[in-house]
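Those sequence lines, one after another, are chains A and B. According to my numbering, the residues represented by the first sequence are 47 to 158, in order. According to my numbering, the residues represented by the second sequence are 21 to 134, in order. Every residue gets a Cβ at the ideal spot worked out from N, C-alpha and C, and that includes glycine. One structure is given here, and the rest of the page talks about it.
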Amino acid sequence: NAGVTQTPKFQVLKTGQSMTLQCAQDMNHEYMSWYRQDPGMGLRLIHYSVGAGITDQGEVPNGYNVSRSTTEDFPLRLLSAAPSQTSVYFCASVKGRTGELFFGEGSRLTVL
Amino acid sequence: AQSVTQLDSQVPVFEEAPVELRCNYSSSVSVYLFWYVQYPNQGLQLLLKYLSGSTLVKGINGFEAEFNKSQTSFHLRKPSVHISDTAEYFCAVRTQGGSEKLVFGKGTKLTVNP
Numbered sequence: 047n048a049g050v051t052q053t054p055k056f057q058v059l060k061t062g063q064s065m066t067l068q069c070a071q072d073m074n075h076e077y078m079s080w081y082r083q084d085p086g087m088g089l090r091l092i093h094y095s096v097g098a099g100i101t102d103q104g105e106v107p108n109g110y111n112v113s114r115s116t117t118e119d120f121p122l123r124l125l126s127a128a129p130s131q132t133s134v135y136f137c138a139s140v141k142g143r144t145g146e147l148f149f150g151e152g153s154r155l156t157v158l
Numbered sequence: 021a022q023s024v025t026q027l028d029s030q031v032p033v034f035e036e037a038p039v040e041l042r043c044n045y046s047s048s049v050s051v052y053l054f055w056y057v058q059y060p061n062q063g064l065q066l067l068l069k070y071l072s073g074s075t076l077v078k079g080i081n082g083f084e085a086e087f088n089k090s091q092t093s094f095h096l097r098k099p100s101v102h103i104s105d106t107a108e109y110f111c112a113v114r115t116q117g118g119s120e121k122l123v124f125g126k127g128t129k130l131t132v133n134p
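What follows is the structure in structure tokens.
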């Protein structure tokens, strides 16, 4: 039972480069989300999706793009990486409004 | 919009001592409340949650939390901690009947010393 799978686990980018963080879940969850975690800031919501074809912005969406073409996948795109996007990124999914969030193991991104 | 305040960023305690990690929330509507734990270099996992019913909620690893609506609090407690409880703990809130968005506090780093 894989749960929520994120790739890559580590990535180093140069300023201005683009990349995609992959997230896949095999639990048939409708809701998926991306958070970033920075020291002393907790987890901040970047984007979320309540189902295939539906996405919306969270607290810190600037510089990031998402799409949800299938229930399983929710990739996060960095269009032009900046040092301020150096962070640990977590993907999470949940079934229904009272369920717990299941988190991936995180992707550590460094932008030089 | 809802918000979460974790009053202590760091809590050091000795092994076998009791601990309380404080969490207050702000919301104009009824909420669901959660505590998550993050061990070093790992993702987050659910400790416990309050949805409705009894205000005292028991979770994994001997933790419990009490929902206090009048004080808008959801403090996490453990009567006797172990070295293995060293981790970061996050309180989170979601509005009932609203979106599935979960809003997190900034976290409390619990360090258990021998």
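DSSP places Gly88/A inside the beta strand (DSSP E), whose first and last residues are 88–97. Not one beta carbon of chain A lies nearer than 9 Å to the beta carbon of Gln22/B. By the neighbour-count criterion, in which a residue is buried when 16 or more other Cβ atoms sit within 10 angstroms of its Cβ, Asp72/A is exposed. In terms of CA proximity to Lys129/B, Val39/B leads the group Val39/B, Ser23/B, Ala21/B, Gln22/B. Contact check between the region 92–102 of chain B and the region 129–139 of chain A: fewer than three CB pairs, one atom from each, fall below 8 Å, which does not count as touching. In this structure, DSSP gives Gln131/A a helical state, which the three-state scheme calls helix.
Within the region 30–50 of chain B, contact with chain A at the beta-carbon level (separation under 7 Å) is assigned to no residue. Proximity of chain B to Met73/A at the Cβ level (cut-off 9 Å) is not reached, the minimal Cβ distance being about 14 Å. Among the CB atoms of chain B, none fall inside 9 Å of the CB of Ser115/A. Shown here for Thr116/A: same chain residues with a beta carbon closer than 8 Å to its own, the five before and five after excluded, namely Ala98 in chain order.
With a cut-off of 8 Å on Cβ pairs, the region 79–88 of chain A is not in contact with the region 40–47 of chain B, counting fewer than three such pairs. Considering only beta carbons, the part of the region 83–95 of chain A lying closer than 7 Å to chain B consists of Gly86, Met87, Gly88, Leu89, Leu91, Tyr94, in chain order. Just so you know, the alpha carbons of Phe54/B and Leu147/A end up roughly 10 Å apart. Assigned with DSSP and collapsed to three states, Ser104/B falls in helix.
For Tyr81/A, the nearest beta carbon of chain B is closer than 9 Å to its own beta carbon.
Apart from sequence neighbours up to five positions away, the residues of its chain that approach Met78/A with a beta-carbon distance below 6 Å are Ser95, Phe120, Ser139, ordered along the chain.
In this structure, Gly150/A keeps its C-beta atom at 9 Å or more from the C-beta atom of Glu76/A.
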